[in-house]
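Here is the structure we will look at, set down as structure tokens.
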Amino acid sequence: MSPQSGLDMRWTAVGEASLRGVPALRGPRFCHVMNPCTTKKQSLHQFLRRPLFLPHGALCNTVRYMFIQTQDTPNPNSLKFIPGKPVLETRTMDFPTPASAFRSPLARQLFRIEGVKSVFFGPDFITVTKENEELDWNLLKPDIYATIMDFFASGLPLITEETPSGEAGSEEDDEVVAMIKELLDTRIRPTVQEDGGDVIYKGFEDGIVQLKLQGSCTSCPSSIITLKNGIQNMLQFYIPEVEGVEQEYEAAYSQSSGNLHPFGKLQHYTPFPHIKSYLQ
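Here it is as structure tokens:
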């Protein structure tokens with residue numbers, strides 16, 4: 001008898017002795033499986049038939065799937081996309097042209113979609129503005145959805161190059177400027193951001209506050225009403241030194257038609273009497 005067969009018999013005897021009283025588990029099949037010599041004779045590929053980890057494609061699919069909500073804005077050419085996760089968290093960033101998108105890989109990808117005019121990042125949303133009203137959102141949405149999902153699945157940073165922002169208060173600001181910035185940050189900007197846009201402080205001179213509208217507010221037909229009836233009235237109510245509001249814009253003239261921008265400088269403005277009396 002060979003040593004190998006002797007070991008098989010001893011292992012079988014031990015197995016049967018230990019399993020007396022358990023008929024369901026007793027037998028040559030169970031002993032054969034528990035035989036360490038038999039296990040050593042099996043080739044390695046028999047133990048690797050079932051993968052220990054999920055395939056790479058399955059992992060990618062679980063990351064890729066996102067639930068992106070859309071929300072209308074006062075501007076019919078702008079749509080707010082909410083990916084369900086933070087975008088810029090506590091700040092905003094505007095990309096009015098493809099050239100300004102060099103700082104963001106996601107913005108560059110969105111501009112590659114035909115019909116996209118501008119991109120805006122909010123704390124937890126992305127506003128995309130199309131070129132004109134003739135473009136159908138149903139044709140643009142699938143590409144925008146896919147671009148946003150692919151970007152968040154890639155793990156790339158949203159912004160690759162930081163730029164200083166002049167909207168936050170600083171020690172060099174006088175009392176009036178500090179009050180203007182605080183009022184914008186606490187009362188005005190949160191409301192504007194709900195509509196997919198933002199308003200940025202640019203300066204204060206001779207009683208005139210210079211602001212820049214971003215996102216869906218840039219080309220919105222009601223931007224003048226927002227600027228005057230809302231922002232200016234509130235600033236004048238809390239800060240008597242404010243005499244008016246001006247909007248800063250990218251270019252004074254349109255490159256295509258040469259006409260003055262419809263939302264250009266808005267000089268001194270007297271608020272509606274009934275609104276002013278109501279605030280008082």
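Residue numbers (the UniProt record's numbering): 1 to 280.
Don't be surprised by glycine CBs; every beta carbon is placed ideally from N, CA and C.
Does DSSP put K85 in a helix, in a strand, or in coil? In the structure shown, K85 sits in coil (DSSP, three-state: anything other than H, G, I, E or B).
So is P86 buried or exposed if we call it buried at 16+ other beta carbons inside 10 Å? exposed
When you compare each of F237, Q232, Y238 to V245 by their alpha carbons, which one comes out closest? Q232
Look at the alpha carbon of G115 and the alpha carbon of I144, and state the distance between them as a whole number of angstroms. In a straight line, the C-alpha of G115 is about 11 Å away from that of I144.
Determine, using beta carbons only, whether L140 and L106 come nearer to each other than 8 Å. Not in contact: L140 and L106 (Cβ atoms no closer than 8 Å).
G122: CB within 7 Å of a non-hydrogen atom of the ligand FMN: This structure lacks the ligand FMN, and indeed carries no ligand of any kind.
On a Cα-Cα basis, can you pick out the residue from G84, N75, L183 that is closest to E131? The shortest C-alpha separation from E131 is found at N75.
How long is the line joining the alpha carbons of V128 and R189, rounded to whole angstroms? 19 Å
Contacts around M179, its chain only, beta-carbon distance under 6 Å, and the 5 residues preceding and following it disregarded: I239
Contacting residues, own chain, Cβ-Cβ under 6 Å from K212 (five flanking each side not counted): I200, K202, E248
Output the residue ranges of the beta strand (DSSP E) runs that lie fully inside the UniProt domain "Scaffold protein Nfu/NifU N-terminal" (68-155) and measure 3 residues or longer, sorted by chain position. 69-72, 78-82, 93-95, 116-121, 126-130
Sub-8 Å separation of T70 and Q193 beta-carbons: no
Give the secondary structure of D206 by DSSP, where H, G and I count as helix, E and B as strand, and everything else as coil. coil
Mind checking who E246 pairs with in its DSSP beta bridge? DSSP output for E246 lists Q210 as bridge partner(s).
For K181, report the span of its alpha helix (DSSP H) as first-last. Residues 175-183.
With T191 as the anchor, note down where its alpha helix (DSSP H) starts and where it stops. 189-194
Quick one: grab the DSSP three-state call for I200. strand
I'd like the list of long-range same chain contacts for T160, defined as Cβ closer than 8 Å, with 5 residues on each side in sequence excluded. R103, S104, P105
Residues sharing a beta bridge with G215, DSSP: G197
Counting only the same chain and skipping the five closest in sequence on each side, list residues whose C-beta sits under 8 Å from that of L183. M234, L235, Y238, I239
Span of the alpha helix (DSSP H) around Q236: 233-238 is the extent of the alpha helix (DSSP H) around Q236.
With a 10 Å radius around its C-beta and 16 neighbouring C-beta atoms as the bar for buried, classify R50 as buried or exposed. For R50, the pLDDT reaches just 41, beneath the cut-off of 50, and the residue's location in the model is therefore unreliable, leaving the point undetermined.
Is it buried or exposed, N77, if we count other Cβ atoms within 10 angstroms and call 16 or more buried? buried
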